[in-house]
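**Student:** In UniProt numbering, the protein residues as written are 1 to 243.
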Ligand code: ADP
Ligand code: MG
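#1: Please confirm whether residue 135 and residue 94 have their CB atoms less than 8 Å apart.
#2: Based on the DSSP output, what are the partners of residue 66 in its beta bridges?
#3: Look at residue 45 and residue 209 and say whether their C-beta atoms are less than 8 Å apart.
#4: Please determine if the region 100-112 and the region 139-155 are in contact, where contact requires at least 3 C-beta pairs separated by less than 8 Å.
#5: If I measure Cβ to Cβ from residue 216 and keep anything under 6 Å in the same chain, skipping five residues before and after, which residues do I get?
#6: Which residue from 9, 88 and 109 puts its Cα closest to that of residue 69?
#7: Considering only the beta carbon of each residue, do residue 174 and residue 205 sit closer than 8 Å?
#8: Do we get a CB-CB distance below 8 Å when we pair residue 142 with the residues of chain C?
#9: State the start and end residues of the unbroken alpha helix (DSSP H) segment that holds residue 82.
#10: Considering residue 161, what are the terminal residues of the beta strand (DSSP E) in which it resides?
#11: Which parts of the region 135-197 are runs of the alpha helix (DSSP H), unbroken and 4 residues or longer, counting only runs that do not cross its ends?
#12: Check whether the Cβ of residue 164 sits closer than 7 Å to any heavy atom of ligand 2, and report yes or no.
#13: Cα-Cα, which of 55, 108 and 83 is closest to residue 159?
#14: Are the beta-carbon atoms belonging to residue 50 and residue 61 less than 8 Å from one another?
#15: Could you tell me which uninterrupted beta strand (DSSP E) segments, each at least 3 residues in length, are contained entirely in the region 3-51, listed from first to last along the chain?
#16: Quick check on the burial criterion: 16 or more other C-beta atoms within 10 angstroms. Buried or exposed for residue 211?
#17: Please name the residue in 127, 224 and 190 whose C-alpha comes closest to that of residue 203.
#18: What is the DSSP secondary structure of residue 75, reduced to helix, strand or coil?
#19: Whose C-beta lies closer than 6 Å to the C-beta of residue 59 among residues of the same chain, with five residues either side of it excluded?
#20: Are the CB atoms of residue 81 and residue 195 nearer to each other than 8 Å?
#21: Please name the residue in 107, 185 and 85 whose C-alpha comes closest to that of residue 149.
#22: What is the rounded straight-line gap between the Cα of residue 213 and the Cα of residue 115?
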């Protein structure tokens, strides 16, 4: 079995608001799964539950066969296995580009500085930011910041990458450069869970599309199944608005 993440009966509430209801889904090694759905449907909360930025109320989050909700030794080390890329980049603004990609490797993974720099430069080259090692985030465009954030996530050599609307905060002319990097990663066999509103991109790169509505997975299938032959009225209504 090559299952990386297997979620069973996951639930999460904020106060009396049940944001995730009995979520079941799994991701295989090398799979690209895109989660779509209206704002407020629970997509970010789902991603955040996967790497324990939120604590689920019930159910299981099995990572490589182990339920991390009951068997968790080091949460920071666990999080490095699921590299997260956020809408707002979340770069360390007082560090340069290279340091942004080195810090986590040294602090959490205990790699030595020389090795960490080598790995960071390798991935900064992958995202086309190898010429900006000494730049500060404030000197970069949004697209460049997001590419650094992707290199930072890759530098931890995660088992999967989680993207939460990585292009939603970008000016339109910068969306393409970030999506191109993500397409290349997908082609190279990376395991990815992506939340996005970029439907054409989702159709092109995804092995599976998951449609969420009001905390429930309504539909989970191939891009052809979900986009061309949606089974549920809620999916049809969403796609009518989104496509
Ligand atoms: P999406 O990413 O699909 O837009 P979210 O997962 O961010 O949806 O949010 C789902 C619902 O949970 C929304 O109604 C949101 O207001 C609520 N929510 C998210 N985070 C919190 C929080 N920390 N406290 C209270 N409510 C929250
Ligand atoms: Mg969100």
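Just so you know, even glycine gets a beta-carbon here, dropped at the ideal spot from N, CA and C.
**Tutor:** Walking through what the data contain:
#1: Going by C-beta atoms, residue 135 is not nearer than 8 Å to residue 94.
#2: Paired residue(s): 63.
#3: The Cβ atoms of residue 45 and residue 209 do not sit closer than 8 Å to each other.
#4: Result yes; three or more Cβ-Cβ pairs closer than 8 Å.
#5: Contacts found: 21.
#6: Among 9, 88 and 109, the Cα nearest to that of residue 69 is on 9.
#7: No, these two residues do not count as a Cβ contact at 8 Å.
#8: In the displayed structure, chain C is absent; only one protein chain is listed.
#9: No alpha helix (DSSP H) holds residue 82; the beta strand (DSSP E) holding it covers 82-85.
#10: It spans 160-164 - the beta strand (DSSP E) in which residue 161 sits, taken as one unbroken run.
#11: DSSP runs (the alpha helix (DSSP H)) wholly in the region 135-197: 142-155 and 172-187.
#12: Relative to the non-hydrogen atoms of ligand 2, the Cβ of residue 164 comes within a distance shorter than 7 Å of at least one.
#13: Answer by Cα proximity: 83.
#14: Closer than 8 Å, so yes.
#15: Taken in chain order, the whole beta strand (DSSP E) runs of length 3 or more contained in the region 3-51 are 3-14, 17-28 and 32-36.
#16: It is buried - the Cβ of residue 211 has at least 16 other Cβ atoms within 10 Å.
#17: Residue 224 holds the alpha-carbon nearest to the alpha-carbon of residue 203 among 127, 224 and 190.
#18: In the displayed model, residue 75 falls within a helix according to three-state DSSP.
#19: Correct list, in chain order: 8, 9, 10 and 11.
#20: In this structure, the beta-carbon distance from residue 81 to residue 195 does not fall below 8 Å.
#21: Here the closest residue by C-alpha is 85.
#22: Counting only the Cα atoms, residue 115 lies some 44 Å from residue 213.
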